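Visitor: According to the numbering used here, numbering within the sequence shown proceeds without interruption in unit steps and concludes at 969.
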Amino acid sequence: MTAWQEVRDLVVARRVKALTDRVAVLTEAERVEVARRLPELLAELRENAERKTREDWRARLLADYGAEDDWPSWLRSSAQTAARSAGRDGLAEFGTPLRIVGAGTISGPAAAVAWLARREFAPRWAAAPPPAELVRTLATRPAAWQADVAVRLARKIRTADDHVIPLALALLRTCGVEPPRHDPLVLAWLSAGTVEDDPLTDMLLPRIFEAEGVGRALREERLTPAPTLWLARIQWLLKAGKVSREEFLDGCLSRFLRGGDAVDLRFFVRLHELLAPEPHEAAARARDYLRLLPTAPSAVATLALAQVRRTGPHDAADVAEAIDALVFRPEVKLADAGLRWLDEEVRRAPELAGETASALATAFAHTSYQVQRRAARIAVKRAAAFGAGAATITDAVPSLPADLGAQVAAVFGGEIAGAETPEAFAPAALPVVEEPGPFPAPSLDDPHGGWVGCERWLAAFVRQAGGDRTALRERLAAFSRLDDGTGPWLDASSWITALAREVVASGSDPGVPEAAPVDPLAGTGFSVTHAAADEDEFLPRDWRDEIFRRVAELGVFAQRLLMPSPDRAEPRFGLSLLPAKYRTRNRLPDPRNVSGPHMFLLRRFAELYDALRKGALPPVLLATPTSMTGHLAPDVLVERLEVCAAAGVEPLPADLWQALLRLPRGRHAEAAERAARVGSRAAEAVATWLAGGGLSDPETGVKWGYVRNARERVFDDDELTRSPNIRLIPVLRAEPTGHDLVDELLGEPSRWYREGYGQAMEWWPAILPSHREVVAVNYLPHLLYQWDRPGVYPPHLVTLTQADGPAGEATALVLAYFLAAERPEAVQALLRMAARGDLPGAAVGRQLAYLIRRAWFETRPVLAALTEAVHQGAHRQVWEILRTMTPMLLPGKGERPTVVHSELVALTADVASWTGAKGEIPEVSSHAARGGRSRFVRECTRLRDLLAPEKAGKTEKAGQGAG
């Protein structure tokens with residue numbers, strides 16, 4: 007056996023240790039031969055993997071679908087894709103042995119690195135395997151060759167999870183060569199974790215202050231409650247004297263001076279805190295700390311200020327410049343600290359007042375009332391010292407609010423700013439709502455033009471199917487190609503194609519075979535899982551008994567099978583069952599795997615298809631809408647009933663029920679009397695429906711839940727905490743009608759998503775145009791999470807707002823979602839509902855608050871959308887939203903008011919003044935009663951005084967009494 011054959015066999019067998027030993031003793035000629043034949047081995051392994059996958063897929067498809075001609079086209083495509091993917095993944099299985107062979111035989115360092123770094127050798131989803139044997143192979147090559155390969159491989163690193171990282175780091179440690187200056191190498195080394203006595207530490211650790219991206223990579227490092235990985239490692243190195251404090255302090259400062267955002271610098275702030283500079287160390291770097299005060303991120307500036315204040319004395323010009331920089335910053339804490347420092351310096355050395363007067367003037371114009379108030383107090387208190395800078399202070403008085411300006415002007419003079427005048431508001435008229443147009447005439451032209459095109463096509467198809475079939479066949483030839491002859495038909499296109507094909511080539515579809523008596527468990531299997539499983543209610547009792555018996559035969563004790571809640575130490579049993587009836591050529595899917603409105607639509611198609619094959623189509627469809635909302639005029643429905651009665655044909659059941667559900671709300675006495683005279687069973691049902699007012703509104707709603715520790719929990723109404731695993735739980739409870747089609751349609755949507763849910767959502771409002779809240783409830787499972795399932799989008803919202811019927815919590819939540827998501831269509835939908843008078847304002851406000859408090863949405867986009875709606879005429883409706891939303895978003899126990907809270911209350915106060923709203927909001931009054939001069943308290947006081955003037959009077963009297 008040649009050396010090549012030995013090496014090949016060891017690679018195929020994946021005997022890594024033996025392969026390493028064999029490659030190490032190859033002669034030079036054998037190395038050349040093996041290296042030459044490596045591409046040949048690569049192609050062989052790739053072809054073997056692809057062939058095996060193709061054979062596996064072929065066996066599965068033959069078992070499930072029979073002859074190749076019956077295979078669905080999408081499965082053929084999937085098989086081809088899987089084979090190509092297997093070629094790549096198959097090489098990854100041999101990645102380590104292939105890299106070992108290349109490392110031991112390829113002569114040139116560049117070629118060797120290109121081979122070692124091939125991505126197809128790395129597992130796609132798993133971590134890179136340990137490189138020990140690969141390093142052992144590389145160690146047999148010349149030292150200079152190893153060093154060259156190590157440096158080149160390190161330069162190949164691009165990301166912190168690059169597959170070459172373990173080998174590159176191991177090789178650098180083994181060779182002892184200096185690592186190249188390459189930022190991704192530093193990030194990769196940090197991300198790989200610490201290693202005891204790592205020879206790379208001395209060379210790579212000092213580079214953390216230079217390498218781009220280090221701060222972001224280590225942003226989660228913490229000092230409390232105990233230092234995390236790298237901070238703990240650095241702490242140990244400092245104590246052991248293995249790294250220099252001076253070098254690390256200078257490194258932190260150089261990194262701060264380079265700039266960056268707060269996230270980039272967070273790790274270095276904590277490292278600086280760990281270093282805890284001594285006073286003499288801080289004093290030696292005082293000028294660098296001073297340079298950080300004007301523009302560094304808040305955390306860095308706070309750190310720098312602390313070091314500056316504990317050193318000194320400083321040059322007067324430096325102090326004045328530093329105070330100027332601090333009071334100019336927008337952060338209240340830093341500006342306030344600058345004013346405290348100013349006060350101390352003027353008290354200590356009054357002659358410095360002239361140099362700091364400009365800082366005081368800057369503070370007068372600060373956006374924070376708290377900062378302005380402190381600046382005004384210092385000016386008045388230290389007035390005698392500010393003689394030289396009095397003119398600067400006098401000129402700045404107009405920058406202060408009127409009350410503070412009056413205090414300073416009494417000492418320094420100057421012009422007092424006028425009191426704030428409220429924003430002038432000229433209410434606009436709500437937009438005129440255009441009524442939806444009439445439904446277009448039936449046509450065979452565009453069956454794939456959404457729900458409207460499909461409904462037009464169906465109406466035209468049924469009318470023409472009863473006439474000249476020859477002409478119809480010619481029209482339908484283009485639609486009659488049926489790609490997927492097996493399995494359920496889940497979309498309108500498949501059913502339209504089937505209907506067209508049945509006309510063009512009648513009887514070409516063999517249909518669903520008659521169910522033959524079979525052993526219900528023949529061809530099925532069950533498996534024991536470790537997840538709780540609910541009882542499969544759809545299974546007959548005798549099936550369940552048989553499953554129980556067969557599981558018991560496997561040796562599972564009956565007591566275990568009967569236990570309702572097994573001990574946590576015991577596995578839980580669940581049965582995975584595929585009944586034989588779902589392996590047949592079934593046109594309709596399992597109803598449990600399809601949303602209710604979608605299943606109702608599929609049943610309409612199925613009954614049409616069945617009637618066509620049996621020659622029992624009616625002369626006209628009843629349910630074709632007359633309005634673009636999906637509604638059907640009662641008189642038109644009666645006319646269609648008369649056509650069916652004249653032909654002696656009863657309408658199809660699903661078509662009849664769809665027609666009834668599309669009728670406008672309310673009683674229609676004249677149409678009912680006319681329908682009663684038609685004389686058919688369907689007409690009698692329609693007459694009863696028209697006279698009785700149609701379908702009663704079901705109970706609807708939404709519960710907010712979340713998942714914690716694999717258990718579903720439901721929020722209390724007043725529970726306003728954020729959770730990462732939010733779930734919307736639909737509520738839909740309808741009184742049984744006794745009609746399976748309608749009861750199935752009005753069933754409560756599943757709280758758990760299944761593949762197949764959420765199809766054909768653009769149809770749903772037209773299925774129930776008079777019960778939009780039912781549609782909205784069905785939309786809920788598809789609202790928050792859309793990346794792994796069909797989603798609800800703005801066009802769905804638009805059709806929902808154009809529909810009829812009560813708008814409750816579910817409709818409000820759909821609208822609130824798009825308002826919070828900053829979709830411009832949402833504001834127009836709000837205006838449309840406001841103009842129609844059916845906007846559920848309080849419910850929208852409540853759901854907006856839940857989205858902000860419990861999910862991931864922010865307040866400011868919502869305020870922007872509501873402000874836009876106010877200025878377009880919906881100020882009264884927005885007030886109803888804000889009256890409910892605002893108290894739910896105010897700071898709770900343990901929360902501090904923020905700028906956003908102030909903006910929220912300010913908008914609420916503005917809208918209250920524009921609408922003349924009255925009626926106290928207790929939560930607002932509570933915050934106003936706490937006192938203080940922050941903007942938040944002032945806005946709460948303004949809102950309270952607008953809504954409950956009597957409260958303002960009582961508060962003023964109480965304050966006078968206390969005085």
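Yeah, the Cβ is synthetic: ideal placement off N, Cα and C, and Gly gets one too.
In this text the structure is predicted, and so the values were computed from the model without any measurement.
1) Please report how far the alpha carbon of residue 696 lies from the alpha carbon of residue 674, in whole angstroms.
2) Quick one: grab the DSSP three-state call for residue 173.
3) So which of 709, 726, 724 has the shortest CA-CA distance to residue 718?
4) Go ahead and label residue 59 buried or exposed: buried means 16 or more other beta carbons lie within 10 angstroms of its beta carbon, across all protein chains shown.
5) Could you check what DSSP says for residue 633 in three-state terms: helix, strand or coil?
6) Name the DSSP bridge partner or partners of residue 353?
7) Rounded to whole angstroms, what is the Cα-Cα separation between residue 441 and residue 63?
8) Would you mind reading off the limits of the beta strand (DSSP E) that contains residue 736?
9) Start and end of the beta strand (DSSP E) containing residue 711?
10) Which partner residues does residue 720 have in the DSSP bridge list?
11) What did DSSP end up calling residue 444 once you bin it into helix, strand or coil?
12) For residue 755 versus residue 595, is the C-beta distance shorter than 8 Å?
13) Alpha carbon to alpha carbon, what distance is there between residue 806 and residue 777?
14) Below 8 Å, how does it come out for the segment 617–634 and the segment 661–668: are there three or more Cβ pairs, yes or no?
15) State yes or no: is the C-beta of residue 383 within less than 8 Å of the C-beta of residue 359?
16) In whole angstroms, give me the CA-to-CA distance for residue 45 and residue 197.
17) Given this structure, state the Cα-to-Cα distance separating residue 114 from residue 201, to the nearest angstrom.
18) Residue 782 and residue 972 - do their beta-carbons sit closer together than 8 Å?
19) Measuring straight from C-alpha to C-alpha, what distance separates residue 331 and residue 302?
20) Among the residues of its own chain, which have a CB less than 7 Å from the CB of residue 483, if the five just before and after it don't count?
21) Taking 8 Å as the threshold (C-beta atoms), are residue 450 and residue 466 in contact?
22) Let's test the definition: count the other Cβ atoms within 10 Å of the Cβ of residue 856 and tell me whether it reaches 16, buried, or not, exposed.
23) Find the nearest neighbour of residue 133 within the set 122, 501, 205, 170, judged by alpha-carbon distance.
24) What are the uninterrupted segments assigned as alpha helix (DSSP H) that are 4 or more residues long and contained completely in the segment 799–835, given in chain order?
25) Between which residues of its own chain and residue 452 is the CB-CB distance below 7 Å, once the five residues before and five after are set aside?
26) Is residue 162 helix, strand or coil by DSSP?
27) Roughly how many angstroms lie between the CA atoms of residue 278 and residue 355, to the nearest whole one?
28) Measuring CB to CB, does residue 262 end up less than 8 Å from residue 235?
29) Suppose you measure from the CA of residue 768 to the CA of residue 824; what does that come to, to the nearest Å?
30) Would residue 647 pass as a contact of residue 505 if the rule is Cβ separation under 8 Å?
31) Would you check if the distance between the CB atom of residue 701 and the CB atom of residue 609 is smaller than 8 Å?
32) Using a Cβ-Cβ cutoff of less than 6 Å, which residues in the same chain neighbour residue 867 once the five nearest sequence positions on both sides are dropped?
33) Quick one: grab the DSSP three-state call for residue 9.
34) Pick from 786, 430, 364, 194: whose alpha carbon is nearest that of residue 916?
35) Taking buried to mean at least 16 other C-beta atoms within 10 Å of its own C-beta, is residue 604 buried or exposed?
36) Use the C-beta contact count for residue 8: other C-beta atoms within 10 angstroms, 16 or more gives buried, fewer gives exposed.
Guide: In short, the structure shows the following:
1) Walking along the sequence shown from the start, residue 696 turns up at place 690. Walking along the sequence shown from the start, residue 674 turns up at place 668. Distance between the alpha carbons of residue 696 and residue 674: 5 Å.
2) Counting from one through the sequence shown, the residue named residue 173 turns up at place 167. Per DSSP, reduced to three states, the secondary structure at residue 173 is helical.
3) Here residue 718 is taken as the residue at index 712 of the sequence shown, counted from 1. By alpha-carbon distance to residue 718, the top candidate from 709, 726, 724 is 709.
4) By 1-based counting over the sequence shown, the position of residue 59 is 53. Flag for residue 59 reads buried.
5) Taking the first residue of the sequence shown as position 1, residue 633 is located at position 627. Here residue 633 sits in strand by DSSP.
6) The sequence position of residue 353 within the sequence shown is 347, counting from 1. Bridge partners of residue 353: none, in fact.
7) Within the sequence shown, numbered from 1, the residue matching residue 441 stands at position 435. Within the sequence shown, numbered from 1, the residue matching residue 63 stands at position 57. So the two alpha carbons sit approximately 55 Å from each other.
8) For the purposes of this step, residue 736 is taken as residue 730 along the sequence shown, with counting starting at 1. 732–739 is the extent of the beta strand (DSSP E) around residue 736.
9) The count along the sequence shown starts at 1 and reaches residue 711 at position 705. Taken as a continuous stretch (DSSP letters only), the beta strand (DSSP E) holding residue 711 covers 705–714.
10) Along the sequence shown, one-based indexing puts residue 720 at 714. Paired residue(s): 711.
11) The residue you call residue 444 lines up with position 438 of the sequence shown. Looking at residue 444 - three-state DSSP - the assignment turns out to be strand.
12) Sequence index remark: in the sequence shown, residue 755 carries index 749 (1-based). Sequence index remark: in the sequence shown, residue 595 carries index 589 (1-based). Result no, Cβ atoms of residue 755 and residue 595 do not sit closer than 8 Å.
13) Translated into positions along the sequence shown, residue 777 becomes position 771. Translated into positions along the sequence shown, residue 806 becomes position 800. Cα to Cα, the separation comes out at about 10 Å.
14) When C-beta atoms of the segment 617–634 are compared with those of the segment 661–668, three or more pairs fall below 8 Å, so the two segments count as touching.
15) Sequence index remark: in the sequence shown, residue 383 carries index 377 (1-based). Sequence index remark: in the sequence shown, residue 359 carries index 353 (1-based). No. Outside cutoff.
16) Numbered from its first residue, the sequence shown carries residue 45 at position 39. Numbered from its first residue, the sequence shown carries residue 197 at position 191. Those two C-alpha atoms are separated by around 34 Å.
17) In the sequence shown, the residue the question calls residue 114 occupies position 108. In the sequence shown, the residue the question calls residue 201 occupies position 195. Their Cα atoms are separated by approximately 31 Å.
18) Given a span of 7 to 969 for the chain in the structure shown, any question on residue 972 remains unanswerable.
19) In the sequence shown, counting from the first residue as 1, residue 331 sits at position 325. In the sequence shown, counting from the first residue as 1, residue 302 sits at position 296. So the two alpha carbons sit approximately 11 Å from each other.
20) Taking the first residue of the sequence shown as position 1, residue 483 is located at position 477. Closer than 7 Å at Cβ, skipping near neighbours: 510.
21) Numbered from its first residue, the sequence shown carries residue 466 at position 460. Numbered from its first residue, the sequence shown carries residue 450 at position 444. Judged by beta-carbon spacing, residue 450 lies within the 8 Å limit of residue 466, meaning their Cβ atoms are closer than that value.
22) Here the question's residue 856 lines up with position 850 in the sequence shown. Counting Cβ neighbours within 10 Å, residue 856 comes out buried, since at least 16 surround it.
23) As a working note, residue 133 is residue 127 in the sequence shown. Checked all of 122, 501, 205, 170; the closest Cα to residue 133 is 170.
24) 800–808, 815–826
25) Here residue 452 refers to the residue found at position 446 of the sequence shown. Counting only Cβ-Cβ distances below 7 Å, and skipping sequence neighbours, we find 459.
26) Taking the sequence shown and counting its residues from 1, the one referred to as residue 162 is at position 156. Coil.
27) Taking the first residue of the sequence shown as position 1, residue 278 is located at position 272. Taking the first residue of the sequence shown as position 1, residue 355 is located at position 349. Each residue's alpha carbon lies about 32 Å from the other.
28) Taking the sequence shown and counting its residues from 1, one reaches residue 262 at position 256. Taking the sequence shown and counting its residues from 1, one reaches residue 235 at position 229. In this structure, residue 235 does not lie closer than 8 Å to residue 262 by Cβ.
29) As a first step, residue 768 must be located in the sequence shown, where it is residue number 762. As a first step, residue 824 must be located in the sequence shown, where it is residue number 818. The alpha-carbon atoms of residue 768 and residue 824 are separated by roughly 17 Å.
30) Along the sequence shown, one-based indexing puts residue 647 at 641. Along the sequence shown, one-based indexing puts residue 505 at 499. Cβ distance not < 8 Å, so residue 647 and residue 505 don't count as in contact.
31) Mapped onto the sequence shown, residue 701 falls at position 695. Mapped onto the sequence shown, residue 609 falls at position 603. In this structure, residue 609 does not lie closer than 8 Å to residue 701 by Cβ.
32) Position 861 of the sequence shown holds residue 867. The residues are 828.
33) Reading the sequence shown from its first residue, position 3 is the one you call residue 9. Residue 9 falls in the helix class under three-state DSSP.
34) Taking the first residue of the sequence shown as position 1, residue 916 is located at position 910. Here the closest residue by C-alpha is 430.
35) To locate residue 604, count along the sequence shown from 1; it is residue 598. Classification for residue 604: buried.
36) Counted from its first residue, the sequence shown places residue 8 at position 2. Exposed, since its Cβ has fewer than 16 Cβ neighbours within 10 Å.
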